[in-house]
Amino acid sequence: MRIFLIKASKARTSPDFNIKSFASSSGRLDVIARAILAALRLSNGTRENVTFLCVLEGPPNPPKLLKVVGSEVEELPESEISIGEIFLRLFKGEKIKGFYLENKSFKEIVSEYVRNPQAVVYYLERYGVDIRDIDFPKGKSLVFILGDHIGLDKESELFLKKMKIQAISLGPKVYFTTHCITIVNEELDRRKLFS
Numbered sequence: 058m059r060i061f062l063i064k065a066s067k068a069r070t071s072p073d074f075n076i077k078s079f080a081s082s083s084g085r086l087d088v089i090a091r092a093i094l095a096a097l098r099l100s101n102g103t104r105e106n107v108t109f110l111c112v113l114e115g116p117p118n119p120p121k122l123l124k125v126v127g128s129e130v131e132e133l134p135e136s137e138i139s140i141g142e143i144f145l146r147l148f149k150g151e152k153i154k155g156f157y158l159e160n161k162s163f164k165e166i167v168s169e170y171v172r173n174p175q176a177v178v179y180y181l182e183r184y185g186v187d188i189r190d191i192d193f194p195k196g197k198s199l200v201f202i203l204g205d206h207i208g209l210d211k212e213s214e215l216f217l218k219k220m221k222i223q224a225i226s227l228g229p230k231v232y233f234t235t236h237c238i239t240i241v242n243e244e245l246d247r248r249k250l251f252s
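Under our numbering, the first residue of the sequence shown carries the number 58, and numbering increases by one thereafter.
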């Protein structure tokens, strides 16, 4: 299983945003919507081998863990606005197959995966070890942590170091969240990991 975990420090945690001004009124949930599409969408369907996680830390009810399970999603929309409409429905308490919302913090979810012997956790960071030099273990879930449009705060980075999570780099530049996800998916596709 491929798992992407984003920490969204400003993303709203209630249905009080305007879908017509999605980016400006939602604490940049539009970034998260695009990340979901990058993680799960294929030209001919949905990546069933991917789970997308995002810890929403914006007002008024943080933290919320948004979980999207590729193997359970019946139909993944093609646009970020359609994903935004799903967010509104989730925040209102509606059940949507493959989409889940629960109360869980960034540290809690990271700690769960670090303690899980069937998972290996990585942090995407420009100065980490080149992804092409990483020998990913077969038969284990691979968890990739990344920041939103702001990046991870210092406290979270220190927490990841304390947890001894390996930092890996996708290249010498700072890339958009969605691009990072696409690059990781492409790298794992080439290696035929969780194809």
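Glycine included, each C-beta is placed from N, C-alpha and C at the ideal position.
- For the pair VAL88 and HIS206, the CB atoms are nearer than the 8 Å cut-off.
- Counting along the chain, no beta strand (DSSP E) covers ARG172; the unbroken alpha helix (DSSP H) around it starts and ends at 163-172.
- Boundaries around GLU243 are those of the alpha helix (DSSP H), 234-247, since no beta strand (DSSP E) includes it.
- Taking 8 Å as the cut-off, the Cβ atoms of ALA65 and LEU113 count as close.
- In this chain, the alpha helix (DSSP H) harbouring PHE144 covers 137-148.
- LEU203 places its beta carbon less than 8 Å from that of THR234.
- Using a 10 angstroms sphere on the CB of PRO194, the tally of other CB atoms stays under 16, which defines it as exposed.
- DSSP lists no beta-bridge partner residue for PHE216.
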